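To start, the structure itself, in structure tokens.
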Amino acid sequence: MKPPPFEYFAPTSVDEALAHLTKYGYDAKPLAGGQSLIPMMNFRLAQPSVLVDLNNISELAYIRPGESGGVSLGAMIRHKTVGSDSLIVDRFPLVHEAIKNIGTPQIRTRGTFGGSLSHADPSAELVTISVVLNGQFRLLSQQGERWVHANEFFTGSFSSILEPDELLVEIKLPVLPEHSGWSLQEVARRHNDFALMGVAATVELDGDGSCKQARMVFMSAGDRPMESLQAEEILKGQKPSLELFQAVSEKASTSDIDPGGDIHASKEFRVHLAKVLSQRALQEAFNRAREN
Amino acid sequence: MAKKFIGERVRRNEDARLLTGQALFVDDIEIPGMLHAAFKRSDYAHARILSINVSAARDLPGVHAVYTAADMGEDWAPGPPLVSPPPSVKDVTFYSRRQAPLVKDVIRHAGETLAVVIAESRYIAEDAVDEILVEYDPLPVVSDLEKALSADSPLVHDDLESNLAAHLNQQKGDYESAKKQADVVIQRRFHLDRGAAVAMENRGIVAHWDEKAKQLTIWDTTQAPIPIRNGTASRLGLSENQVRVIAPFIGGAFGPKMMMFYPEEMLIPWVSVQLCRPIKWIEDRRENFYATTSEREQVHEVEIALTKDGHILGLKDDFLHDTGAFDPYGLTLPLNTQCHLMGPYNIPNFSSQCTAVFTNKPIVTPVRGAGRQQGIYIIERMLDISAAELSIDPTVIRKMNFIPPDAFPFNNTIVDQAFTPLILDSGNFVAVFEKAAEMIGYEKFVKEEQPRLRASGKHVGIALTPFIETTGVGPYEGARVQIETNGKVNVVTGYGTQGQGHFTMLAQIVSEQLGVAVQNVRVVTGDTAEFHWGTGTFASRGAVVMGNAVHAAASGVRKKVLKLASKVLSTPEEELELVDGVVRIADVPDRSISLGELSGLANPLRGAVDPGFEPGLESTDYFGPQSGTTASGCHGMILEVDPETMMVEIKRYVAVEDCGRVINPLIVEGQIHGGVSMGLGNAYYEKLQFDEDGQILNASLADYLIVTSREMPKKVETGHWETLSPLNQLGSKGVGEAGAIPVPALFAQALQNALFDHKFEILETPLSPNRLFELLQAS
Amino acid sequence: MNIQGEYSFHGSREEVWNIFRDPDVLIMALPGTKSLKKISENEYEGELQVHIGPIMGSFGGKLTISNEFYLESLTLTVEGNGKIGFVKGSGDVKFNPISENLTAIRYDGVIQIGGRVASVGQRLFDTVSKNMIHQGLDKLDKALQDRRKG
Amino acid sequence: MDNLFNLSITVNGVLYERQVEPRLLLSDFLRHDLGLTGTHVGCEHGVCGACTIQFDSQPARSCLMFAVMAHGHRITTVEGLGTLEKLHPLQEAFKEEHGLQCGFCTPGFLTTLTSFLEENPDPTEEEIREAVSGNLCRCTGYQHIIGSVKLAAEKMRTN
């Protein structure tokens, strides 16, 4: 299990990196934390002929307060740094919770926020929460920059709208409004494994305690993060209740997701889990919303 | 008063080296001029090789050689049969088929070796492997154990009439007439699936043929260096003394690193001789799943005959055993299964037919538990089911059927893995069971806590599973013990060691005899140049067979010490004692001589010696038990399951062990903890997932799930019960595999108990959340 | 692994049928296919580059069309061998006319994957294969539209 | 393979300068180029944790890094923690509590945990279990390892 040979570049600036990507196109692969790419290379399933190592680009490793209480994350910021950042801990509890569920401690010291999103694994925590939180991604190429919504970014299993000469350089996450609650529910074989099924939910209450708006996104539930628009529809304006949650999770798990089956869980089991977890997620999210 | 060493929690002699990265493992060997090997393995589980084109691989810069079966010429030969079928059982059918170093024509399991590349580095070797083009003619795959025996099944070995590898029938008493007297007869069918050993260190071999010295040195991750040396010498036409096999520190073994003569083990030394270069091959993790043996798949048709008050009159179990594509290891596993089907119980009538079956899957040989886990699973599940049908408390039905403490030796009359009668030598099964029940608070939990928790909607279950483990089988082991002039003691054995603490446990046995500090006893293991008689590390036999051999040799030295010291100190032997590295007169401690000094006197440099004189304070001795010892135990578990997500949490775990004389409690507890973690895998996490084409779908540690610190119970509470084995001087029994044996049965019992409100039966292992979901859906 | 599904083409049954019988178009359905050369009436050989996120592999492959019932159904068989393993897939395709401009196809088949990719990549199979099939069919439908535009 | 890179890297306080192929894994570089064989390789896909080293004092998988990525960085391996003569308190505790059996996975535990204990000198049992959950051990069932960490934390706090 030794990786195949490749040409290696270690640019120190984004411009330099983009130049390499433009030059080598499809043959090149950006190397961020490498915690998903390098295992694939060791198995020789991935055989990029050029690696552009982004680890020396210090300008991409930052966490900054964004406008109106949001946060801006440089693509090369490491999970562990995000997880222990006071701004994140205080104001983005869902991000903090998601980080805790990523892989193992050693993976979190190397893995990066942008790397995880670019890898576009439909079972990945950050992929899921970036959608539920309505994140915005800044993509850069020598042609220029573009901003995309998280839910437009992911196009299929391990595929995104990123062009081969393009880099995800920044992630913007808005802060949850007042009277909001959140929940992240996952079931995995072992604590550190990919979720067999997972769901992230956010809800906002209005003055009379009914649901102003809600978001619900499933992980490991299809070829990309699966948004339940129906859940959002049904919940809007409703007073939270067990019956409501049951109705929503029923609908969401039967018509808004398309999980596959693998050796760990059949499609049927995943659908069942989606129902159970989305109900628990709503319960927790609304409880938190009431406390805030 | 002499200090006690046996039974003490002595810290391990080997730890400092392991903790500082100074311990030598096979992959740490660096020899100038060493080349690296990588194998081209079959993508198909069953196929005819039409052609292998290695020219592109040979042309790659840095590649020194590429060999296929054809390139081996006359030297190509399958591996030796390792274990013969038991001669003492009547009408055994057994077809011996063994793995070859490289496949000649027909591939019989995915991952079989087709060619080996020898290159400057492992990196280049793997580049070259990718350049080897193989033309396959895929053949229909035999993957289903049960379909394999049907008339229309394809054949794994087309020179045989069917896929039947072996058939073995064992009887005790007369089951059929017992059945006639029974009030109830319960039948069930069980499916037990395959797991892998997954030692953290994969296999590896370094072979160094020294052309000038005509000496072959092999570092091998083997549990049995001596048989490997002897077999390798004969394969290569060398004298046994030209071959030295060293099993250095080994990163866990758990069975599959046995004297296998794996293809790589046969090939790498051969290549070294061909090229006159040191060659290193280190198995990678993906290879490990295909190329290293695994076990546990069996299908059982079981019938138990009882009286209505729960006494067992008889047990009948006919089972299929998957042996994979080859059966070099004979019938060890099915014999172990048969010998544990009766567990710790008095079952007067027994009948079991075992049919071993060839499939297009990797080879099956022992993994920690070695067929015993399956036998215990069957009898324990059948007792749970019987208890339910007769509405008897599961603990009561067990207690009433235990072999009583005064019934030993207890002869089950069938033949065990050592080909000797299955005679349980000793034990107190009731006491062990009751100790476990008391430790876990069975009565209180069932009467008070469980009803309360159930009322609050929790699904909590409790279980108690007794078991036996036949251990410490022959044939023999040996050791040489010597007191050096510096007063330190040297103990040499050819025994393989893989983390069991032999450097300490064996030293304690010597210290007990010679009164020297454990730290001053240097134990050498697994080096045929130091000691070259013995078999290997298997069947939980270290403390029993190796331990008693060392004890015998150390006693021999003690005799010599006393004899000489009594001369030197002119005092009768019986007035002498060995304490703190000196021999002294019991009542006059200041009249003493150090063992070092004494060993100097035992090796005079001038003058004449008496007739029959033997130099030094040294003794070599052997131990070969007539039959195996019987370790036993009982594990208890309380778990909680979420019937919506199928997630399980183990709240309590107790393990009571009777392994005879406990030499080092610390090590015994460690063995139990580790065994339990593997057993838990076999219960709920670990399953080698084959598809119908014989592909392993989880050949990585991301998909093959061994438990982590977060799945293990917070605490495995251990308790000891000592009934000494009458079969050896130390009174010891084995414990290495025990921890893993009862766990799947225990887990199933607890899970069933927790899900009391669902009508379903667990008749398989391993389970998984997904499988449990299916079972509950169907209920 | 079993693969079943339905897909609606925006064209008549004849047009859809012809698309499936035209290697130059069919090639678009196989992601990353470099070339597809006819070796007999119903057999085509080619090389395809599979590109799933980080996973890259080239397979020397064969595409066979059999059990043809004109406008009714046919069987597609794909066999590929490469460094990362092998793929063998066979599926029946049924053509049901909905209207002049709409034809639904049903596909039902089995995919067998072996070697390196099978042993460590199984988590990806299901969604990835679905993905590839849908992308492929979309490409075919697009080709159909272009053809209709003339 | 001529596209060699000049690599300068500090391992256990010693500066090394070597030429390496970009694809050379950090684990192989440490073990075979530098002869620091205490770092073990158990899976080469980042699951088992045996190859864990400290990269700029953070625990990381050396099998999931190319040696070139360590250029200009500081690495600590098990050889840098303690010596046969003077064990690190955590190594002492592993010996005391029987926190190892075959010892193959142990270096990965030690490099993970020494870094963990510096950040969290007084961990709860849950935190310890989480901290070692990225290191697989097939021998011990983890119980004595957890015990070793508790003991070490205690010793290190009082000293």
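Top line first, the protein sequences correspond to chains A, B, C and D. To convert a position in the first sequence, counted from 1, into the numbering used here, add 275. To convert a position in the second sequence, counted from 1, into the numbering used here, add 339. To convert a position in the third sequence, counted from 1, into the numbering used here, add 217. To convert a position in the fourth sequence, counted from 1, into the numbering used here, add 98. C-beta: ideal position from N, C-alpha, C; glycine also. Everything numeric in this text was worked out from a predicted model, so none of it was measured.
Have a look at Met-340 of chain B and Val-349 of chain B and give me their C-alpha separation to the nearest angstrom.
Working through the second sequence from its first residue, we reach residue 340 of chain B at position 1. Working through the second sequence from its first residue, we reach residue 349 of chain B at position 10. Reliability of the predicted coordinates at Met-340 of chain B is poor, the pLDDT of 45 falling under 50, and the value obtained from them is presented with this limitation in mind. Roughly 19 Å between the two C-alpha positions.
Who are the neighbours of Met-245 of chain C on chain A, taking C-beta pairs under 9 Å?
To locate residue 245 of chain C, count along the third sequence from 1; it is residue 28. Residues of chain A passing the Cβ test: none, with the nearest at roughly 17 Å.
Against chain B, which members of the segment 228-242 of chain D pass a CB distance test of less than 9 Å?
Under the 9 Å Cβ criterion, the segment 228-242 of chain D contributes Glu-228, Ala-229, Val-230, Ser-231, Gly-232, Asn-233, Leu-234, Cys-235, Arg-236, Cys-237, Thr-238, Gly-239, Tyr-240, Gln-241 and His-242.
From Val-166 of chain D to Leu-105 of chain D, what does the alpha carbon distance come to, in whole angstroms?
Mapped onto the fourth sequence, residue 166 of chain D falls at position 68. Mapped onto the fourth sequence, residue 105 of chain D falls at position 7. In a straight line, the C-alpha of Val-166 of chain D is about 6 Å away from that of Leu-105 of chain D.
Alpha carbon to alpha carbon, how far is Asn-219 of chain C from Val-646 of chain A? Give it in angstroms, no decimals.
The question about residue 646 of chain A has no answer, for chain A in this structure spans 276 to 567.
Below 8 Å on the Cβ atoms is my contact criterion, and I expect Phe-202 of chain D with Gly-590 of chain B to pass it. Report the Cβ-Cβ distance as a whole number of Å.
Locating residue 202 of chain D in the fourth sequence gives position 104, counting from the first residue. Locating residue 590 of chain B in the second sequence gives position 251, counting from the first residue. That pair is a contact at about 3 Å.
Using a Cβ cut-off of 8 Å (strictly closer), state whether Pro-323 of chain A contacts chain B.
For the purposes of this step, residue 323 of chain A is identified with residue 48 of the first sequence, where counting begins at 1. Closer than 8 Å to the CB of Pro-323 of chain A there is not a single CB belonging to chain B.
Residues that Arg-880 of chain B contacts on chain C, provided the C-beta gap is smaller than 8 Å:
Taking the second sequence and counting its residues from 1, one reaches residue 880 of chain B at position 541. Per Cβ cutoff of 8 Å: no residues; Arg-880 of chain B is ~35 Å from chain C at best.
Excluding the 5 residues preceding and the 5 following Met-99 of chain D in the sequence, name in chain order all residues of the same chain whose CB lies nearer than 8 Å to its CB.
On the fourth sequence, residue 99 of chain D is found 1 positions in, with the first residue counted as 1. Low local confidence applies: a pLDDT of 46 at Met-99 of chain D is under 50, so the model's placement there is unreliable, with the coordinate-based value given in what follows. Glu-119, listed in sequence order.
CB Ala-505 of chain B to CB Tyr-434 of chain B, shorter than 8 Å?
If you number the second sequence from 1, residue 505 of chain B lands on position 166. If you number the second sequence from 1, residue 434 of chain B lands on position 95. Against a cut-off of 8 Å, the Cβ pair of Tyr-434 of chain B and Ala-505 of chain B comes out as a contact.
Which listed residue (B:Leu-577, B:Thr-1104 and B:Ile-567) has its alpha carbon closest to that of His-871 of chain B
If you number the second sequence from 1, residue 871 of chain B lands on position 532. For His-871 of chain B, the nearest C-alpha among the options comes from B:Ile-567.
Residue-level contact to chain B via CB, Glu-252 of chain D, 8 Å cutoff
Reading the fourth sequence from its first residue, position 154 is the one you call residue 252 of chain D. So, not an interface residue.
Which runs of the alpha helix (DSSP H) spanning at least 4 residues fall entirely within the segment 993-1054 of chain B, listed in chain order?
Whole alpha helix (DSSP H) segments, 4+ residues: 1004-1019.
Assigned exposure category for Arg-230 of chain C - 16 Cβ within 10 Å defines buried
For this step, residue 230 of chain C is matched to residue 13 along the third sequence. When all chains shown are included, Arg-230 of chain C counts as buried.
Chain A contact for Arg-323 of chain C (CB, 8 Å cutoff)
By 1-based counting over the third sequence, the position of residue 323 of chain C is 106. Arg-323 of chain C does not count as touching chain A.
If you drop the 5 nearest sequence neighbours on each side, which residues of the same chain put their C-beta closer than 6 Å to that of Gln-526 of chain B?
By 1-based counting over the second sequence, the position of residue 526 of chain B is 187. Excluding positions up to five away in sequence, the list reads Glu-642.
Quick one: residues in its chain with C-beta nearer than 6 Å to the C-beta of Leu-123 of chain D, no 5 flanking neighbours on either side, listed in chain order?
Translated into the one-based positions of the fourth sequence, residue 123 of chain D becomes position 25. The residues Cys-161, in chain order, have a CB closer than 6 Å to that of Leu-123 of chain D in the same chain once the five nearest residues on each side in sequence are set aside.
Can you tell which of D:Val-247, D:Lys-184, D:Val-112 and D:Thr-135 has the C-alpha that lies nearest to the C-alpha of Glu-216 of chain D?
On the fourth sequence, position 118 is the one that residue 216 of chain D refers to. Cα-wise, what sits closest to Glu-216 of chain D is D:Val-247.
Does any residue of chain A bring its CB to less than 8 Å from the CB of Pro-271 of chain C?
Counting from 1 along the third sequence, the entry for residue 271 of chain C is found at position 54. Between Pro-271 of chain C and chain A, the shortest Cβ-Cβ separation is below 8 Å.
Between the Cα of Thr-971 of chain B and the Cα atoms of B:Pro-744, B:Lys-343, B:Gln-509 and B:Asp-532, which residue gives the shortest distance?
Stepping through the second sequence from its first residue, residue 971 of chain B is reached at position 632. Residue identity differs from the one stated: residue 971 of chain B is Ser in this sequence, not Thr. Distance check between Ser-971 of chain B and each of B:Pro-744, B:Lys-343, B:Gln-509 and B:Asp-532 places B:Pro-744 closest, using alpha-carbon atoms only.
Suppose contacts are defined by Cβ-Cβ distances below 8 Å. Is His-138 of chain D in contact with Gly-180 of chain D by that definition?
In the fourth sequence, residue 138 of chain D corresponds to position 40, counting from 1. In the fourth sequence, residue 180 of chain D corresponds to position 82, counting from 1. Cβ atoms of His-138 of chain D and Gly-180 of chain D: not closer than 8 Å.
Tell me which residues of the segment 178-197 of chain D have at least one Cβ-Cβ distance to chain B shorter than 7 Å, keeping chain order.
Within the segment 178-197 of chain D, the residues whose Cβ lies closer than 7 Å to some Cβ of chain B are Gly-180, Thr-181, Leu-182, Leu-185, Gln-189, Phe-192, Lys-193, Glu-194 and His-196, listed in chain order.
Closer than 8 Å to chain A by CB, Leu-105 of chain D
Position 7 of the fourth sequence holds residue 105 of chain D. Contact of Leu-105 of chain D with chain A is not assigned, every C-beta pair being separated by 8 Å or more.
Rounded C-alpha distance that separates Tyr-961 of chain B from Asn-675 of chain B:
Taking the first residue of the second sequence as 1, we reach residue 961 of chain B at position 622. Taking the first residue of the second sequence as 1, we reach residue 675 of chain B at position 336. Answer to the nearest angstrom: the Cα atoms are 26 Å apart.
Kindly list, in the order they appear in chain D, the residues whose Cβ is closer than 8 Å to that of Met-276 of chain A.
Position 1 of the first sequence, counted from the start, is the residue given in the question as residue 276 of chain A. Within chain D, the residues Glu-142 and His-143 have their CB atoms less than 8 Å from the CB of Met-276 of chain A, given in chain order.
Give the C-beta separation of Tyr-486 of chain A and Gly-512 of chain A to the nearest angstrom, bearing in mind that I take them to be a contact with Cβ-Cβ under 8 Å.
As a first step, residue 486 of chain A is located in the first sequence; it is residue number 211 there, counting from the start. As a first step, residue 512 of chain A is located in the first sequence; it is residue number 237 there, counting from the start. Residue identity differs from the one stated: residue 486 of chain A is Cys in this sequence, not Tyr. Rounded, the Cβ-Cβ distance is 7 Å, consistent with contact.
Sort out for me which residues DSSP pairs Met-651 of chain A with in a bridge.
Any answer about residue 651 of chain A is impossible in this case: the structure gives chain A only from 276 up to 567.
Cβ of Gly-147 of chain D within 8 Å of any chain A Cβ
On the fourth sequence, residue 147 of chain D is found 49 positions in, with the first residue counted as 1. Cβ-Cβ to chain A under 8 Å: yes for Gly-147 of chain D.
Tell me, please, which residues DSSP counts as bridged to Tyr-406 of chain B.
As a first step, residue 406 of chain B is located in the second sequence; it is residue number 67 there, counting from the start. Within the DSSP bridge table, the entry for Tyr-406 of chain B names B:Val-455 as partners.
If we ignore side chains and look at the alpha-carbon of each, how far apart do Ala-355 of chain B and Ser-311 of chain A end up?
Here residue 355 of chain B corresponds to residue number 16 of the second sequence, with the count starting at 1. Here residue 311 of chain A corresponds to residue number 36 of the first sequence, with the count starting at 1. Approximately 35 Å, taken between the alpha carbons.
Do Lys-619 of chain B and Val-375 of chain B have their beta-carbon atoms positioned less than 8 Å apart in this structure?
Your numbering for residue 375 of chain B matches position 36 in the second sequence. Your numbering for residue 619 of chain B matches position 280 in the second sequence. The sequence given here has His at residue 375 of chain B, not Val. The Cβ atoms of His-375 of chain B and Lys-619 of chain B lie closer than 8 Å to each other.
Can you grab the Cα-Cα spacing for the pair Ala-592 of chain B / Arg-542 of chain B, in whole Å?
In the second sequence, counting from the first residue as 1, residue 592 of chain B sits at position 253. In the second sequence, counting from the first residue as 1, residue 542 of chain B sits at position 203. C-alpha separation (whole angstroms): 9 Å.
Relative to chain F, which residues along the segment 466-480 of chain A have a C-beta separation below 8 Å, given in chain order?
Looking for chain F here will not work: the only protein chains present are A, B, C and D.
Helix, strand or coil: how does DSSP classify Met-340 of chain B here?
Here residue 340 of chain B corresponds to residue number 1 of the second sequence, with the count starting at 1. Residue placement at Met-340 of chain B is flagged as unreliable, the pLDDT there being 45, under the threshold of 50; the coordinate-derived value follows with that caveat. In this structure, Met-340 of chain B counts as coil in the three-state DSSP scheme.
Those residues which DSSP pairs with Arg-421 of chain A across a bridge
For the purposes of this step, residue 421 of chain A is taken as the residue at position 146 of the first sequence. Answer is A:Leu-414.
Flag this pair as touching only if the segment 170-190 of chain D and the segment 224-235 of chain D have three or more C-beta atom pairs under 8 Å; answer yes or no.
Too few Cβ pairs lie closer than 8 Å, so no.
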